[in-house]
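Engineer: In terms of my numbering, the sequence shown opens at residue 151 and continues consecutively.
For glycine and all other residues, C-beta sits at the position ideal for the given N, C-alpha and C.
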Amino acid sequence: MENLDLKKYNLKLLIDFDSTFIKSESLEIISDISLEQNQNKNKIMSKIKELTDLAMNGNLSFSDALSKRIKLIKANKNHINQSVEKIKKEISLSFYQNKRFFEKNYENCFIISGGFNDIIEPVLFKYNIPKKNIFANDFLYNEKQEIYSINKDNPLSKDLGKIKVAQQIEGEKIIIGDGYTDYELKKYGEASLFIQHIENINRKKLNKSADLISNSLTDSLIFLEDYYGK
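(1) Once DSSP output is grouped into helix, strand and coil, what is the label at Leu-310?
(2) What separation, rounded to the nearest whole angstrom, lies between the Cα atoms of Gln-428 and Ala-225?
(3) Mind checking which residues open and close the alpha helix (DSSP H) that includes Ser-366?
(4) Going by C-alpha to C-alpha distance, which of Ile-351, Asp-332 and Ala-215 sits closest to Ser-359?
(5) Just grab the DSSP bridge partners of Ile-351 for me.
(6) Determine the extent of the beta strand (DSSP E) in which Phe-266 is found, giving its start and end residues.
(7) Which residues does DSSP pair with Ile-300 in a beta bridge?
(8) Would you say Tyr-256 and Asn-278 are within 7 Å of each other, going by their C-beta atoms?
(9) Using the C-alpha atoms, what's the distance from Ser-366 back to Ile-250?
(10) To the nearest angstrom, how far is the alpha carbon of Ile-179 from that of Ala-286?
(11) Tell me whether Asn-357 sits in a helix, a strand or coil according to DSSP, three-state version.
(12) Could you compute how far the alpha carbon of Tyr-330 sits from the alpha carbon of Asn-292?
(13) Confirm, please, whether the CB-CB distance from Ile-325 to Leu-164 is below 7 Å.
(14) State the Cα-Cα distance for the pair Lys-157 and Gln-346, rounded to the nearest angstrom.
(15) Looking at the secondary structure, which residues open and close the beta strand (DSSP E) in which Ile-172 lies?
(16) Grouping DSSP H, G and I as helix and E and B as strand, with all else coil, what is Gln-346?
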């Protein structure tokens, strides 16, 4: 569906990263690497996943879930670099298949994620999305290149952070994502449509709030062409 022209309809496509553009959650991939030698790895990773699911289903504030997960991963710059190489192979199939869509529409595509710039920017380099269109959190490193915190001045580290970022983007906005923080863009009036992307995970609690429950990016693009092309 690379024929869809976002500029033609003056649309801005906002896209989530974890479990949408990629198949899984980047923090879980990072922790799988960073906790390799930790004897409690499985227990800690289960806790990280639990916190992620609670936040994405709207049962725990995003900021609380994020701060708790950062404390658990115990990662450094080398772990992040390893994670980038692994995540490059974890692009969701339908996004990979629609790479030409991004080559054509990159100016009108935006990534808004509770994930991290150190991961997202290198992973999406080949998809032409400019850095100025990527909004994500920032790791803070100490002198040993160990992650000790995140940039808490970044709005995406806080609850409703995606709303504040979307307010900076002009034009009619559509959000494609899998989680509650994506739905909030529609809920608070910063997106005209919420497309729930279930290619990798279906958070069924959100189904009733979606304008489209989409199995793939292709399905979403066909829907948008029909919706705006009438």
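Structural biologist: Well, looking at it:
(1) Your numbering for residue 310 matches position 160 in the sequence shown. Judged by DSSP in its simplified three-state form, Leu-310 adopts coil rather than helix or strand.
(2) The structure shown does not extend to residue 428, since the chain spans only 151 to 380, so no value can be given for it.
(3) Against the sequence shown, residue 366 aligns to sequence position 216. Per DSSP, Ser-366 belongs to no alpha helix (DSSP H) and is neither H nor E.
(4) For this step, residue 359 is matched to residue 209 along the sequence shown. Closest option to Ser-359, Cα to Cα, is Asp-332.
(5) For the purposes of this step, residue 351 is taken as the residue at position 201 of the sequence shown. Residue pairing for Ile-351: DSSP places it in no beta bridge.
(6) Within the sequence shown, numbered from 1, the residue matching residue 266 stands at position 116. Where Phe-266 is concerned, the enclosing beta strand (DSSP E) stretches over 259–266.
(7) Locating residue 300 in the sequence shown gives position 150, where the first residue counts as 1. For Ile-300, which the question treats as bridged, DSSP gives the partners Phe-289.
(8) As a first step, residue 256 must be located in the sequence shown, where it is residue number 106. As a first step, residue 278 must be located in the sequence shown, where it is residue number 128. It is a contact, given that the beta carbons lie within the stated cut-off.
(9) Counted from its first residue, the sequence shown places residue 250 at position 100. Counted from its first residue, the sequence shown places residue 366 at position 216. Position check: residue 250 holds Arg in this sequence, whereas Ile was assumed. In a straight line, the C-alpha of Arg-250 is about 15 Å away from that of Ser-366.
(10) Position 29 of the sequence shown, counted from the start, is the residue given in the question as residue 179. Position 136 of the sequence shown, counted from the start, is the residue given in the question as residue 286. Pairing Ile-179 with Ala-286, the inter-Cα distance amounts to about 17 Å.
(11) Sequence index remark: in the sequence shown, residue 357 carries index 207 (1-based). Asn-357 sits in a helix when the DSSP states are folded into three classes.
(12) Within the sequence shown, numbered from 1, the residue matching residue 330 stands at position 180. Within the sequence shown, numbered from 1, the residue matching residue 292 stands at position 142. Across the structure, Tyr-330 and Asn-292 are spaced so that their CA atoms are roughly 32 Å apart.
(13) As a working mapping, residue 164 is identified with position 14 in the sequence shown. As a working mapping, residue 325 is identified with position 175 in the sequence shown. Yes, Cβ-Cβ distance for Leu-164 and Ile-325 is below 7 Å.
(14) Counting from 1 along the sequence shown, the entry for residue 157 is found at position 7. Counting from 1 along the sequence shown, the entry for residue 346 is found at position 196. Looking at the two C-alpha atoms, the distance is approximately 22 Å.
(15) Residue numbering aside, residue 172 sits at position 22 when the sequence shown is read from its first letter. Counting along the chain, Ile-172 falls outside any beta strand (DSSP E), and DSSP gives it neither H nor E.
(16) For the purposes of this step, residue 346 is taken as the residue at position 196 of the sequence shown. Annotated three-state conformation of Gln-346 is strand, per DSSP.
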